[in-house]
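Peer 1: Take a look at the following structure, please.
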Amino acid sequence: MIIKRIFNILFDLYGYQGWWPVPGSAGSKGFDSAGYHPGNYEPPQNKSERFEIITGAVLTQNTSWNNVEIVLRRIKDENLITPQSIIQAPLDMLASIIRPSGYYNQKAKKLKIVSEFFLNEDRLDKEAAYDGRITRDKLLSLWGIGRETADSILLYAYHFPVFVIDSYTVRIISRAGLIKGGEGYDEIQRIFIPENSNPADRYYNEYHALLVLHAKRFCRKEPLCRRCPLKVICRMGNAAAD
DNA sequence: CCCCAGGGAATTC
DNA sequence: GAATTCCATGGG
Numbered sequence: 008m009i010i011k012r013i014f015n016i017l018f019d020l021y022g023y024q025g026w027w028p029v030p031g032s033a034g035s036k037g038f039d040s041a042g043y044h045p046g047n048y049e050p051p052q053n054k055s056e057r058f059e060i061i062t063g064a065v066l067t068q069n070t071s072w073n074n075v076e077i078v079l080r081r082i083k084d085e086n087l088i089t090p091q092s093i094i095q096a097p098l099d100m101l102a103s104i105i106r107p108s109g110y111y112n113q114k115a116k117k118l119k120i121v122s123e124f125f126l127n128e129d130r131l132d133k134e135a136a137y138d139g140r141i142t143r144d145k146l147l148s149l150w151g152i153g154r155e156t157a158d159s160i161l162l163y164a165y166h167f168p169v170f171v172i173d174s175y176t177v178r179i180i181s182r183a184g185l186i187k188g189g190e191g192y193d194e195i196q197r198i199f200i201p202e203n204s205n206p207a208d209r210y211y212n213e214y215h216a217l218l219v220l221h222a223k224r225f226c227r228k229e230p231l232c233r234r235c236p237l238k239v240i241c242r243m244g245n246a247a248a249d
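Residue numbers (the working numbering): 8 to 249.
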């Protein structure tokens, strides 16, 4: 199957990515916090790790991860990397702290909203009658959380096996010829779910991370088809004149 | 100077 | 539903 083949090509070339990238982890620069077990990935198991992933997922909306790292550092320096402190911080102060990540007025609101959600889920989780389940619909009901951010949170913070579709993913499989263009998010998502299989989240986790890396290395806006490792399966790569 | 980055909401048809 | 427009900084 073509989806599995693409994964194998990318994994054999780029290797294990160990997302979600967190300050202190491999591939992340300039941070001294503990991070998640570089090169020996274990999913985040505590609340602070989860909350940091959620924060990063919001901050990286249409924004380079480099800018997000700058802001995560600033948030930590201000002792704001807890939902309680983000809720308590004045909106304009929070906005100024996260300024380097762009869209800072919108994102300041979003961080307050997901912080409230996080605390509320945590509180409900302690009640016996509550099933303790974060759902996609719950996340989508929050202002500022769309499908990709919701799926990123489900996958990387809570380890639910969902496939995250971002603009890189669409670009790659569109050029490869797997979609025509115009397909919706959920429709594209289904393409990546292998039939008759029950893969661990590791597959979804690593696959998405590999697609992001591959889009940065070769499948850029101006693609570098000549030496692209996916050339053998790619319509654009095969048609490229080089 | 230009374009781009691990989207999403609001508006309009 | 689909197409536009706005949000905004830092890096190449």
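C-beta: ideal position from N, C-alpha, C; glycine also.
Quick caveat, the model's predicted, so the values are computed rather than measured.
Could you give the DSSP three-state label for TRP27: helix, strand or coil?
Peer 2: Along the first sequence, one-based indexing puts residue 27 at 20. TRP27 falls in the coil class under three-state DSSP.
Peer 1: Within the continuous alpha helix (DSSP H) that includes GLY109, where are the two ends?
Peer 2: Taking the first residue of the first sequence as position 1, residue 109 is located at position 102. Careful: GLY109 lies outside any alpha helix (DSSP H) and carries neither H nor E.
Peer 1: With DSSP collapsed to three states, give me the class of ASP158.
Peer 2: By 1-based counting over the first sequence, the position of residue 158 is 151. Of the three classes helix, strand and coil, the one that applies to ASP158 here is helix, per DSSP.
Peer 1: Using a Cβ-Cβ cutoff of less than 6 Å, which residues in the same chain neighbour PHE167 once the five nearest sequence positions on both sides are dropped?
Peer 2: The residue you call residue 167 lines up with position 160 of the first sequence. Excluding sequence neighbours, PHE167 sits near LEU161.
Peer 1: Note down the Cα distance separating ALA222 from SER181, rounded to an integer number of angstroms.
Peer 2: Position 215 of the first sequence, counted from the start, is the residue given in the question as residue 222. Position 174 of the first sequence, counted from the start, is the residue given in the question as residue 181. Their backbone Cα atoms lie some 12 Å apart in a straight line.
Peer 1: When DSSP labels each residue in this structure, what does HIS166 get in the three-state scheme?
Peer 2: On the first sequence, residue 166 is found 159 positions in, with the first residue counted as 1. Three-state DSSP puts HIS166 in coil, outside helix and strand.
Peer 1: If you count every other CB in all the chains shown that lies within 10 Å of the CB of VAL239, and 16 or more means buried, which is it?
Peer 2: Sequence index remark: in the first sequence, residue 239 carries index 232 (1-based). Per the 10 Å Cβ criterion, exposed.
Peer 1: Rounded to whole angstroms, what's the CA-CA distance from PRO119 to ARG81? Just pull it up for me.
Peer 2: Along the first sequence, read from residue 1 onward, the residue named residue 119 stands at position 112. Along the first sequence, read from residue 1 onward, the residue named residue 81 stands at position 74. Per the sequence shown, residue 119 should be read as Lys rather than Pro. One C-alpha to the other measures close to 16 Å.
Peer 1: Whole angstroms are fine: how far does the CA of GLY151 sit from the CA of PRO90?
Peer 2: Looking up residue 90 in the first sequence gives position 83. Looking up residue 151 in the first sequence gives position 144. Approximately 16 Å between the Cα atoms of the pair.
Peer 1: I'd like the span of the alpha helix (DSSP H) that includes SER258, first residue to last.
Peer 2: Only positions 8 to 249 of the chain appear in the structure, and residue 258 is not among them; the question remains open.
Peer 1: Could you check the C-alpha separation between LEU79 and ARG106 for me, to the nearest Å?
Peer 2: As a working note, residue 79 is residue 72 in the first sequence. As a working note, residue 106 is residue 99 in the first sequence. Between LEU79 and ARG106, the C-alpha separation is close to 11 Å.
Peer 1: Leaving out five residues before and five after ASN210 in sequence, what residues of the same chain have Cβ atoms less than 6 Å from its Cβ?
Peer 2: As a first step, residue 210 must be located in the first sequence, where it is residue number 203. Checking the sequence shown, residue 210 turns out to be Tyr, not Asn. Hits under 6 Å: none found.
Peer 1: The alpha helix (DSSP H) with LEU217 in it runs from where to where?
Peer 2: The residue labelled residue 217 in the question sits at position 210 within the first sequence. 208 to 224 is the span of the alpha helix (DSSP H), which, as asked, contains LEU217.
Peer 1: Tell me which residues share the same chain as SER108 and place their Cβ nearer than 6 Å to its Cβ, disregarding the 5 neighbours each side in the sequence.
Peer 2: For the purposes of this step, residue 108 is identified with residue 101 of the first sequence, where counting begins at 1. Contacts found: LEU66, THR70, ASN74, VAL75 and VAL78.
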